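See structure below.
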Amino acid sequence: MTERKITVNALARVEGEGALNVRIRGGEVEIVEFRIFEPPRFFEGLLQGRDATEAPDITSRICGICPVAYITSASQAVEQAWGVEITPEIAALRRLMYCGEWIQSHVLHAAMLHAPDFLGLHDVIAISEVDPELVTTALRLKKLGNDLMEVIGGRAVHPINTRVGGFFKAPDSAEIVALLPELEWGIAAAREMALRFARFDFPEDACDYIFVALVHPEHYPIETGRIATSTGLDIAVDAFHAHFMEEQVARSMALHGRMRNGSAYLVGPLARYALNRARLSDTAKQTAKDCGLNEVECNPFKSILVRMVEVQYACEEALRLARAYVPPDPPSVPLTPRAGTGQGCSEAPRGICHHRYEIDEAGQIVTATIVPPTSQNQPQIEADLERVIRASLALDDAALQWRCEQVIRNYDPCISCATHFLKLSVERG
Amino acid sequence: MAESYFLTDPRRLLEDWLSAGWRVIAPLLRDDALVPDILHDPDALPRGYTDQQAPGRYRLVPGDSERWFDAVVGPQGWKRWLHPPERKLWSARRGETGFEVTPDTEDWPATIFFGVRPCDLAAIARQAEVFRRAGDPAYTTRLAATRIVAVNCGRSAETCFCASMQTGPGARSAHDLALTEIEGGLLVEIGSKDGTAMLEGRALPTATPAQVQQAALRIEAAATSQPRAMPAKIAKRLQEVPDDPHWEEIASRCLHCANCTAVCPTCFCTDVTDRTSLDGKTAERWQRWDSCFSLDFSFLNGGPVRSSTAARYRQWMTHKLSSWHEQFGSSGCTGCGRCITWCPAGIDLVAEAGALAKGE
Amino acid sequence: MIDPVRIPSALLPRLFRVVENCPELSDVSTLAILPVDGTLDAGRPGQFNMLYAFGVGEIAISISGNPSDNSALLHTIRNVGAVSGALCALREGATLGLRGPFGTPWPLTDQTGRDLLFIAGGLGLAPLRSAILQALAMRSAFRSISLLVGARSPSQILYPAQLADWAGGGALRLSLTVDRAIPGWTGMVGVVTTRLERALEGCDPANVSALVCGPEVMMRHCCLALEDMGVPSSAQWISMERNMKCATGSCGHCQFGPDFVCRDGPVFRWDRIAERLRIREI
Amino acid sequence: MDKPRIAVWKFASCDGCQLSLLDCEEELLDIVGAVHIAHFLEASSRVETGPYDISFVEGSITTAADAERIHAIRAASKLLVTIGACATAGGIQALRNTRALGDLVQAVYPVPELIEVLDRSTPIAAHVTVDAELRGCPVSRQQLLEFVAAALAGRKPDLPEVSQCVECKRAGTACVMVANGTPCLGPVTRAGCGNLCPRVGRGCYGCFGPVEGANCVALSEQLDALGLNGHAIAALYRNFNSGAAAFSEEAARHD
Ligand SMILES: Cc1cc2nc3c(=O)[nH]c(=O)nc-3n(C[C@H](O)[C@H](O)[C@H](O)COP(=O)(O)OP(=O)(O)OC[C@H]3O[C@@H](n4cnc5c(N)ncnc54)[C@H](O)[C@@H]3O)c2cc1C
Ligand code: SF4
Ligand code: SF4
Ligand code: SF4
């Protein structure tokens, strides 16, 4: 049997750098290696000896696409270690800002990075030539997300107004109120875009995933909740490391997340949706239904639809929070450093982002463990690839390559997070 | 002296003016300082504050709860209103046969500056002179449509030295009304015909001689409380010491951050830049505050004339205290003390002037 | 009714059109320009205009043409950066903005009966050319006219044809000197200060009026040397350069001691500023 | 004139500076109208070879392979512009330059032998000639746009070489250090962010890196007077621009 080899040196439209090796011999998929070779930046090591209050700003630099996730999880971890309760007003403002990140990141990914896959185009610029309205709507929606982060966080990438315990300064009510009309527009626009994407031609695929996401009794989880799995686990954020682990794989700079029993699992929109659909707003549920999403959706190619449903929800949620906005006064709660360990977890757009810090009595970090979403998904991405390649062997090399890239982009993988240029080399016999 | 009146509560005047449609700008509480800003509600007028000022230090703290004007000058004078940090000069549009230039104009509503300290009255007059000589009508136009309600200082900050600059603590330059805080209220003095008109419809009781005297005494007391005094012959002295090693010594402490120039109510320097649209069709010329502390300020033939901090500090101080006299017929310093308070390194203009004057 | 706040007309450029772009040296061009509408203010020798290249910026450029020639306004510009580069690149028919004229002129009309000595270093000849042309137009008013031109190398000598004309016609006495000779150069070599004596030949130093333009160090050394030779310090003028933004004395950039170069200069009488030029980084 | 061909490159970084380009939502279509994007992997799978008129480079050099790649990019680019603190000063990851690499690898990876990186995280200018730099962690969208607009107009971009304090004062923000005693790197930090931190009452944390000629020694004296201990002063400078000489030297003085 001859080997078929397809090599793609750079997977585009992902955040970071990675590679993929696939070897197919005699119709059998022999090797699937999703490699992340973005140079490691050693954040966990760099945090040692830093003041715990610096953790949010430093870890924010892990990822420019979802800094709010890092800031939030890090803040929560330190707050937990120091026994600090934030006020409901501060919590609401955090969630509001986080909605901004969801909108921004999801729209960037869905409309600008992932949609081209379905349209057979290279980029959003090419879309703007065939469907300018889609692009202008997407840009406006994305801007809405950024505006939310800017008004609250001071800046969209690496916000500056956040701190352990809350915020430096509470935004004026007038600034929040000014966002209301655009949020109302955003709800409808997100729904329209979801329905537009629902007309894409989705490859048939399904997987019996182990979904892992935060769950919250009242809300669709964004900034807080307990960790649950589709296999029945329901644990506090603190128990994460007891059930999940990271292993190092020779070919990748990122650690791979697995359940302690060794199985791969999935975090991100499909998982959140599977475990929390009931807590979506009725209107968002309706959009999910109108898009043809199942109550538990197992086709990873449809994650783009879940993202847009979540954008709609984030707009609705932001509208609700903005209407109810009361500037937290004081904008942050006082802190008293003490020795201890704290953990924090929030739903980054790509899935749960877990932080654990051990802090000494001077308030300095002794050890830090950060588990970003993409490294958790890495084994699952490989499993998806293997399955999809097996089902797509009839495709010629170019089409197979496109399909593989699409599988990876289903995850909106933030390789920078995982530590990261994707190189794809498919060898097949 | 013309008639003086007694007023118990300044908000009553503010109410009158606001309802008559004036835009009132007064020092308001902004974050941790008092800053002139648009007043919409007389109750927003801060009361019961005082300030603690020292080189590199300002704290707005609770004071006598009855007092309106114990906190004196804050980080900004009235400069940002009369000589704004940024202004569009004109815009140009490229057409078929060249480009067309459209000057920018701006509306300035009828405005009352409420609470202008005597040093700032002087600062306004000095900046007005700069722009008058430069033939820039904008400052004058704004000023002509502005009524000024001065507040005489019954208390000085530790950094104030207006007495030695002959600009305060009692109003000496043009104002329409002047207020002085006295027991139980304010003494109101009329400084111009416009000032008389501003009181129209409000029959204020005439102030008693005792009240008038009390005001004068308070101003006098403020003057004598000032610990700093500018050396009298500093203007001439600075001409003689351009090579003094003390400039280097200051430079070792100076951050060349330009705060002193930005807070100084008379500093007027600006820069102009183009802003262009991505399609290359339109260009705008914007003017904005600049500072003799910025490296580009003296850029010439590939490098700055004043590259050392010592030269830049010398330029600032010499211009302020000396060459201003030759240029505009007065000192460029009014003694407000802002550059001392708001220098993050706590460099004290008066002390440095004193050090340079020593060898005299 | 309150007047709208306007920007001063002095800050508003008038539109000019390039009549001719004449290359002088590898990086120097002379633009001949005319107003798109309205009349031309040719200014006086020594004054300068603020030239604006669309979307790039505005810079000070001296008037370098014949003050009595109304057919066009000449500016000789060296390409040293973005704006000067954009101006040098303007072709015939292109438009530019102009504000001016600004500043003090060379005090030619006060020098009747005197020996005029023009000293130009490098591009300093451009602002002096206007004055030379004016002086030549009133030739009989002066006892003599000399021109000493220094350049870095023979290829850097500005207006060579015109210089040859002037010297050939005997209207003025020309001395040329270069810092670095190249093979074939038969003229003088050395900085201008070493040539002053020759330039002054046949003149009573006390009757000499010197008009100097060039790099600051060159001007300073020339004037000090001339003083030593007996040329009165009150009969020497130099043209100063400082960063300039507004040209109306309100941007502060061009301050040179108590003077605003844009308003009190660029032409200064040497004795007024000699002391100041001694000060480092002033 | 032909549209200039633009490329965007990534080295060790968080992608935030590239994202800032995509965050120019209102101007993005105008940008695309004015320039030709020839290589921008994060945004497009259409990859064109050089030469490029302008290359924007994000990220710092941390691996041997990257140290080679940057030379190829330089060779293919007329103008090479670094974007952000990583490319300009080594980024937050340059924090490790003062620590033993082995310890760090051990702190993060169970099998350290598998990790191949250089000892230090270095800015692009340590490897190739850089024509212009846009500072910030992340860059400012306004400055990015200004740079592109200026490049198109043939103008010198307006990237002021002044301290953050100047932005503070133009914005009308009362100095947090003077009015509040809040430690602030503003006086030694280059302006350009848009006065973000002081405007919310927070001290500038230096994400635009040191201003030309930063007098950190004098600032530290002031920080000391505000009651900060050596460790805290060093930590202030050891941030996103810890690799910039002015900051690293000053931090080292306080160890
Ligand atoms: C009164 C006066 C007359 C001048 N006459 C001439 C002339 O006839 N021919 C000629 O070629 N040049 C002349 N110059 C110098 C000319 O103004 C500068 O070469 C020009 O400003 C450089 O601008 P740039 O943008 O091309 O270069 P850059 O080096 O990029 O300069 C950037 C900016 O700095 C300022 N700047 C830099 N150098 C100078 C300078 N020397 N003077 C003033 N501002 C400066 C300008 O604002 C300029 O836009 C004159 C300068 C002055 C002050
Ligand atoms: S120099 Fe200082 S004291 Fe004098 S007016 Fe300016 S800021 Fe006030
Ligand atoms: S004197 Fe003070 S305020 Fe002025 S530049 Fe120096 S350090 Fe800054
Ligand atoms: S707050 Fe910081 S940046 Fe602003 S003026 Fe003060 S020291 Fe400078």
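Listed in order, the protein sequences are those of chains G, C, R and D.
For the first sequence, the working numbering gives the first residue as 5, with consecutive numbering after it.
For the second sequence, the working numbering gives the first residue as 1446, with consecutive numbering after it.
For the third sequence, the working numbering gives the first residue as 449, with consecutive numbering after it.
For the fourth sequence, the working numbering gives the first residue as 29, with consecutive numbering after it.
Note that beta-carbon positions come from the ideal geometry of N, C-alpha and C, so glycine has one too.
If you're wondering where the values come from, they're calculated on a predicted model, not measured in any experiment.
- Bridge pairing for R/G569: R/G598 [DSSP].
- The segment 1613 to 1694 of chain C contains, as complete alpha helix (DSSP H) runs of 4+ residues, the segments 1638 to 1643, 1654 to 1670, 1679 to 1685 (chain order).
- Around the beta carbon of G/G346, 16 or more other beta carbons lie within 10 angstroms, which makes this residue buried.
- In the structure shown, R/L544 falls within a strand segment according to DSSP collapsed to helix, strand and coil.
- The beta carbon of D/K197 sits no closer than 8 Å to any beta carbon of chain R.
- The C-alpha of G/L297 is placed about 14 Å away from the C-alpha of G/L279.
- Going by DSSP, R/D719 is part of the alpha helix (DSSP H) stretching over 718 to 725.
- For C/T1718, the residues of chain D that pass the 8 Å Cβ criterion are D186, in the order they occur in the chain.
- At least one heavy atom of ligand 3 sits closer than 7 Å to the Cβ of C/H1701.
- Within chain C, the residues whose beta carbon sits less than 7 Å from that of D/D58 are L1723, D1724, listed in sequence order.
- Closer than 8 Å at the C-beta level to chain C, one finds these residues of the segment 664 to 695 of chain R: E689, R690, N691, K693, C694.
- In the same chain as D/A272, and ignoring 5 residues on each side of it, the C-beta atoms closer than 6 Å to its own belong to A117, G237, P238, in chain order.
- Secondary structure of G/K173 (DSSP, three-state): coil.
- When beta bridges are read from the DSSP output, G/M249 appears opposite G/R262.
- In this structure, ligand 3 has a non-hydrogen atom nearer than 7 Å to the beta-carbon of C/P1789.
- DSSP places D/C203 outside both helix and strand once states are collapsed to three, so it counts as coil.
- Contact of D/G229 with chain G is assigned, a C-beta pair being separated by under 8 Å.
- Interface annotation, G/I94: not in contact with chain D, CB-CB separation never under 8 Å.
- Chain-ordered, the chain D residues with CB closer than 7 Å to the CB of R/G503 read A181, R183.
- Short note on C/A1573: C-beta not closer than 7 Å to any heavy atom of ligand 2.
- Take R/L522, set aside five residues on each side of it, and the residues of its chain with a beta-carbon closer than 6 Å to its own are T478, A480, S512, G513, in chain order.
- When 8 Å is used as the limit between beta carbons, R/P452 is near these residues of chain C: T1550, E1551, D1552, W1553, T1586, in chain order.
- In terms of Cα proximity to C/G1508, the closest of C/F1744, C/T1727, C/Q1497 is C/Q1497.
- For G/Q347, the enclosing beta strand (DSSP E) has its first and last residue at 344 to 352.
- At the C-beta level, G/I369 and G/R54 come within 8 Å of one another.
- By the rule that beta-carbons nearer than 8 Å mark a contact, C/R1525 does not touch chain R.
- Out of C/I1695, C/T1711, C/L1766, C/Y1450, the CA that lies nearest to the CA of C/R1571 is found in C/T1711.
- Fewer than three pairs of CB atoms, one per stretch, sit closer than 8 Å, so the segment 540 to 547 of chain R makes no contact with the segment 561 to 569 of chain R.
- In the DSSP assignment, R/P471 falls within the unbroken beta strand (DSSP E) covering 462 to 473.
- Taking a Cβ-Cβ threshold of 8 Å, none of the residues of chain R is close to C/F1738; the smallest such distance is about 12 Å.
- With a cut-off of 8 Å on Cβ pairs, the segment 1551 to 1559 of chain C is not in contact with the segment 408 to 418 of chain G, counting fewer than three such pairs.
- Using a Cβ-Cβ distance cut-off of 8 Å, the segment 226 to 239 of chain G and the segment 165 to 181 of chain G are not in contact, since fewer than three pairs of beta carbons, one from each stretch, lie closer than that value.
- In terms of side-chain proximity, the C-beta atom of C/C1784 is found nearer than 7 Å to a non-hydrogen atom of ligand 2.
- CA-CA distance, D/R148 to G/F46, rounds to 12 Å.
- Here C/V1717 is near C/Q1732, since their CB atoms are less than 8 Å apart.
- The three-state reading of DSSP puts D/L254 in coil, since its state is none of H, G, I, E or B.
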